[in-house]
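Structure first, then comments.
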Amino acid sequence: MPNKFIIASLFTLLFCFSIIGQEKKTKKQKLKKEIVTDSLVSINNPMNPLSPAKAAFYSAVLPGLGQAYNKQYWKIPLVYAALGTGIYFYTNNNKEYNRYRDAYKSRLAGFKNDEFYLNSQGEPLDTPRVTTEGLERAQKFYRKNKEMSLLAIVGIYALNIIEANVSSHLMQFNVDENLSLAPHYNINEIDATGNLGLTLNFKF
């Protein structure tokens, strides 16, 4: 009897060690599988730390080229539409400024043959349609608008560079189901009122 008891105890003890060993082996296999899976994900979707700098550089060389590098082609027409609008207003204000400036210089030289001494049919007038003081005010107005248009062009150009850089940064964020933010709406069965909330899920 004592021998049978000892044999049974040894068999039970060995069986327990075998189970513990299998559990450790299973954990190691799972961990190895997770590591391999993570490495495969990183290989398939490599993170390039220089990508934002490249996008910004391309947009600095040619506006819209950084957006093309980020494969956001729909933004390119917006960039050129904004730049084109700024250039249009700058050109128009510069043209009007030179127009009033030429008339003002002609007045200072003692001439009375500028365009404001003519009516709509091209006939000369005794008094000009715009006074000399009006020409001065017009020059200041269009010069200010011209400078503002130039600042807008520079701002749009800089914004084009910043947008390409930021978009490239955002494209490299790892967004998956382990990190999610979702709104939810529940109906309270007691008083039949609605409960609106926000759920943040973060899985390790």
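For the sequence shown, the UniProt record's numbering gives the first residue as 1, with consecutive numbering after it.
Think of the CB as a built atom: it goes at the ideal place given N, C-alpha and C, for glycine as much as any other residue.
Computed from a predicted model, the values in this text were never measured in an experiment.
Residue burial classification, residue i (beta-carbon count within 10 angstroms, cutoff 16)
i: Pro124; result: exposed
i: Asn188; result: exposed
i: Asn165; result: buried
i: Leu93; result: It is worth fixing the name first, because residue 93 is Asn in this sequence and not Leu. Asn93 is buried by the Cβ-count criterion.
i: Ala53; result: exposed
i: Tyr100; result: buried
i: Gly64; result: buried
i: Tyr117; result: buried
i: Tyr73; result: exposed
i: Tyr88; result: exposed
Assumed close pair residue i, residue j - CB separation to whole angstroms, cut-off 8 Å
i: residue 246; j: Ala152; result: An answer regarding residue 246 cannot be provided, because it is not within the stretch 1 to 204 covered by the chain.
As assigned by DSSP and simplified to three states, the class of residue i
i: Thr193; result: strand
i: Leu62; result: coil
i: Leu125; result: coil
i: Leu50; result: coil
i: Gln22; result: Low confidence applies here, because Gln22 scores a pLDDT of 45, under 50, leaving its location unreliable and the question unanswered by this model.
i: Asn145; result: helix
i: Glu92; result: The sequence shown places Asn at residue 92, not Glu. Residue state, collapsed to three classes: helix.
i: Asn165; result: helix
i: Asn70; result: coil
i: Asn186; result: strand
Nearest to residue i (by Cα), restricted to the options the options
i: Leu83; options: Lys140, Leu150, Val166, Ala192; result: Leu150
i: Val79; options: Met148, Asn94, Gly155, Ala192; result: Gly155
i: Arg107; options: Leu62, Gly66, Glu136; result: Glu136
i: Gly134; options: Ala103, Leu65, Leu62, Pro77; result: Ala103
i: Ser168; options: Val61, Lys95, Gly66; result: Gly66
i: Ser51; options: Leu62, Leu118, Lys71; result: Lys71
i: Asn48; options: Tyr117, Gln172, Lys95, Thr91; result: Gln172
i: Pro183; options: Leu196, Gly122, Asp191, Ala192; result: Leu196
i: Gln139; options: Ala81, Gln121, Lys105; result: Lys105
Exercise for review: Determine contact between the segment 137 to 146 and the segment 111 to 128, defined as no fewer than three beta-carbon pairs at a distance below 8 Å.
Suggested key: No: the two stretches stay apart, fewer than three of their Cβ pairs being nearer than 8 Å.
Review point. Quick one: any contact between the segment 153 to 164 and the segment 56 to 63, if contact means 3 or more CB pairs under 8 Å?
Key: Verdict: yes, contact present.
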